[in-house]
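Using this note's numbering, the letters of the sequence shown correspond one by one to residues 614 to 847. Note that the Cβ used here is the ideal one computed from N, Cα and C, for glycine as well. Notes to accompany the following structure.
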Amino acid sequence: MSTIHKLVELQEIDAQLQEIEALLGDLPEKVADLKSEEERLIVSVETGKTRLKEIEVQLGKNELNIQSCRDNIDKHKDQLSLVTTNRQYDAMMAEIETIQSTLQELETQSLELMEEKSELETSVNDQEANLATLSSDLKERRKKLEKRYADTAAEKDSLESAREIKVSGIDERYLRQYKRVSDARDGVAVVPANGNACGGCGAVVPPQIVSEIRNNLTLHTCDVCGRFLFWKHG
Ligand SMILES: [Zn+2]
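Okay, here's the thing in structure tokens:
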């Protein structure tokens with residue numbers, strides 16, 4: 614069998630494999646996109662929940678500290694009536710002010726934490742809702758994709774083994790050329806001549822070349838698109 618015959622058959626196998634790929638459409642890509650979006654949301658929800666726990670703990674601590682500051686201030690105020698010198702009085706007042714400023718800081722921090730908590734809760738809830746929708750969408754598409762894989766698996770396997778056998782009988786340099794043209798020309802590297810025109814790009818094929826490819830023995834490629842040319846008899 615001449616090289617051009619083998620290349621024609623390889624092209625037929627590849628065309629069928631391309632049809633199978635086309636059946637899958639953009640499903641594999643969609644599934645991969647959804648999967649990474651799902652992973653991102655899961656991480657984000659987890660991070661949010663961890664932060665919420667930290668905030669809870671911090672708010673609990675602050676509450677205790679706030680209470681203890683208040684008790685402390687009360688205690689100092691009670692003691693104010695017992696002081697006998699101005700110096701003692703000033704020292705006591707200074708101490709009360711220090712505690713009051715700590716108290717204020719704690720209260721401000723708690724307010725900020727509560728604000729953060731409420732925003733975070735909303736966002737975690739939203740993300741969880743998104744995640745639920747996304748996960749069910751992903752599940753649906755995965756099922757579809759798996760079904761399409763399964764439907765075409767047997768045909769694809771047999772085409773691939775046929776391809777392997779075919780490829781093993783073709784000279785390496787023609788295979789490289791075939792692959793290069795196929796990659797550049799939407800998977801079509803071998804085309805019939807249409808009278809005196811290339812069946813791929815329509816460029817004129819010189820009469821001498823046409824007569825040479827008519828016997829399908831000599832290997833010729835189109836000068837314009839680089840595709841292998843063959844003659845379709847009958
Ligand atoms: Zn051409």
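Find out if the Cβ-Cβ distance for the pair residue i, residue j is shorter than 8 Å.
{"i": "residue 803", "j": "residue 621", "result": "yes"}
{"i": "residue 780", "j": "residue 772", "result": "no"}
{"i": "residue 737", "j": "residue 673", "result": "no"}
{"i": "residue 677", "j": "residue 758", "result": "no"}
{"i": "residue 819", "j": "residue 843", "result": "no"}
{"i": "residue 702", "j": "residue 695", "result": "no"}
{"i": "residue 630", "j": "residue 744", "result": "no"}
{"i": "residue 708", "j": "residue 689", "result": "yes"}
{"i": "residue 809", "j": "residue 817", "result": "yes"}
May I ask which residues mark the beginning and end of the beta strand (DSSP E) holding residue i?
{"i": "residue 726", "result": "Note, residue 726: premise wrong, no beta strand (DSSP E); alpha helix (DSSP H) at 699–781."}
{"i": "residue 842", "result": "841–843"}
{"i": "residue 804", "result": "803–807"}
So residue i and residue j are supposed to be a Cβ contact under 8 Å. How far apart are they, rounded?
{"i": "residue 750", "j": "residue 647", "result": "6 Å"}
{"i": "residue 768", "j": "residue 633", "result": "7 Å"}
{"i": "residue 747", "j": "residue 650", "result": "6 Å"}
{"i": "residue 643", "j": "residue 782", "result": "Contact flag wrong, Cβ pair sits at about 38 Å."}
In the DSSP assignment, find the unbroken alpha helix (DSSP H) run with residue i in it and report its ends.
{"i": "residue 675", "result": "640–693"}
{"i": "residue 789", "result": "785–797"}
{"i": "residue 824", "result": "820–826"}
{"i": "residue 623", "result": "616–637"}
Ordered along the chain, which non-local residues of its own chain (more than five positions away) have a Cβ less than 6 Å from that of residue i?
{"i": "residue 679", "result": "719"}
{"i": "residue 730", "result": "668"}
Leaving aside the five residues before and after residue i along the sequence, list all residues of the same chain whose C-beta is less than 7 Å from its C-beta, in chain order.
{"i": "residue 822", "result": "833"}
Can you list, in chain order, the residues of its chain with a C-beta nearer than 8 Å to that of residue i? Leave out the 5 residues immediately preceding and following it.
{"i": "residue 741", "result": "658"}
Do the segment 615–630 and the segment 797–811 meet, that is, are 3 or more Cβ pairs less than 8 Å apart? yes
I'd like to know if the segment 671–687 and the segment 762–777 are in contact, where contact means that at least 3 CB-CB pairs between them fall below 8 Å. The segment 671–687 vs the segment 762–777: no contact.
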